[in-house]
DNA sequence: TTTGACTCTGTGGTGCACCCTATCCTTTAA
DNA sequence: TTAAAGGATAGGGTGCACCACAGAGTCAAA
């Protein structure tokens, strides 16, 4: 069982983020001491925390992660992952388009200058 | 000379955005009627408005555009455009990396499930 | 002249995912 | 025992680029 600071260092999620995730019902402590409200995390919490961190880095929003965490069978997870992959691909295409436009602007923009 | 609504439709920048840009000293009206404070825009304003809109779509921030508009020779412009192109390329690389991580996660994640 | 459309300023709100601060209580090591 | 370290809660702040709204004044067509 880890207290919040230790768990924070373990997972890379800040203490504020951990409390925020709890508030969002995304990740709750494994146990809360009634006498002082201290949060205690365990290895199950760790697994979930790492999952959440990965999902965030994949571009998932808090709401999307809530939807994933809500069903314990994780059936939504794979769907979400494929969506995110698709989204990354779309954004790559958009950025390539933007690059083309910048290049075009550099070329034709020269005329209007001087 | 166009009043703000007409100019807004002409350029695609909302009236609020036009007033905001003026406040930011990014784009001022060509003429302001002292008696009623109405803004009037002309073709020079139009040229600049279109430029700003393009720069925004290239991922430039307000601050960066200010830097461009501050020097009338537009010497910063080309530098900024190349920076933005580079940035788009970097972000594409990052997104490709994310896609790899998602794919990797889908593959190895299967083990942990069930 | 009236009326509806337009303009102005100033101020506050938005979204997202946190971060920070103050204040208070509890634990822990010396 | 004491003092530092660490925990809690509540509420406000952040950044960015706007958007929305209230309240007041102004213009333009019928």
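Protein chains in written order, with the numbering used here: chain A, 143 to 256; chain B, 143 to 256.
Even glycine gets a Cβ: it sits at the ideal position worked out from N, Cα and C.
Check	Outcome
Expressed to the nearest angstrom, what Euclidean distance is found between the alpha-carbon atoms of residue 226 of chain B and residue 191 of chain B?	19 Å
If you reduce the DSSP assignment to three classes, tell me which class residue 144 of chain A lands in.	strand
Chain B partners of residue 240 of chain A, CB-CB under 9 Å?	199, 200, 201, 226, 227, 230
Expressed to the nearest angstrom, what Euclidean distance is found between the alpha-carbon atoms of residue 235 of chain B and residue 229 of chain B?	10 Å
Apply the 10 Å Cβ neighbour rule to residue 180 of chain B and answer buried if 16 or more other Cβ atoms are within range, or exposed otherwise.	exposed
Counting only the same chain and skipping the five closest in sequence on each side, list residues whose C-beta sits under 7 Å from that of residue 150 of chain B.	156, 157, 160
Tell me which residues of the stretch 145-166 of chain B have at least one Cβ-Cβ distance to chain A shorter than 8 Å, keeping chain order.	none
Which one of A:233, A:239, A:241, A:220 has the shortest CA to CA distance from residue 244 of chain B?	A:220
Verify the CB distance criterion: does residue 192 of chain A have a CB-CB separation below 8 Å to chain B?	no
Helix, strand or coil for residue 163 of chain B, going by three-state DSSP, please let me know.	helix
Out of B:176, B:193, B:153, which has the shortest C-alpha to C-alpha gap to residue 216 of chain B?	B:193
For chain B, check one thing: does any of its Cβ atoms lie closer than 8 Å to the Cβ of residue 250 of chain A?	no
Under a CB-based cut-off of 8 Å, is residue 168 of chain B close to chain A?	no
The alpha helix (DSSP H) that contains residue 188 of chain A, what's its start and end?	185-199
Looking at C-alpha atoms only, which residue of A:186, A:183, A:168, A:251 is the closest neighbour of residue 210 of chain A?	A:168
Are the C-beta of residue 220 of chain A and some C-beta of chain B separated by less than 8 Å?	yes
Considering residue 209 of chain A, what are the terminal residues of the alpha helix (DSSP H) in which it resides?	204-212
Taking only beta-carbon atoms, is residue 204 of chain A less than 8 Å away from chain B?	no
Have a look at the DSSP bridge pairing and note the partners of residue 229 of chain B.	Per DSSP, none; premise fails for residue 229 of chain B.
Near residue 256 of chain A, which residues of its chain fall below 7 Å by C-beta distance, leaving aside the five closest residues on each side in sequence?	Residue confidence for residue 256 of chain A is low, a pLDDT of 43 falling below 50, so the modelled location carries little weight and cannot support an answer.
Can you grab the Cα-Cα spacing for the pair residue 185 of chain A / residue 178 of chain A, in whole Å?	22 Å
Could you tell me whether the Cβ of residue 247 of chain A comes closer than 8 Å to any Cβ of chain B?	yes
What does the Cβ neighbour count give for residue 200 of chain B, buried or exposed, with the cut at 16 atoms within 10 Å?	buried
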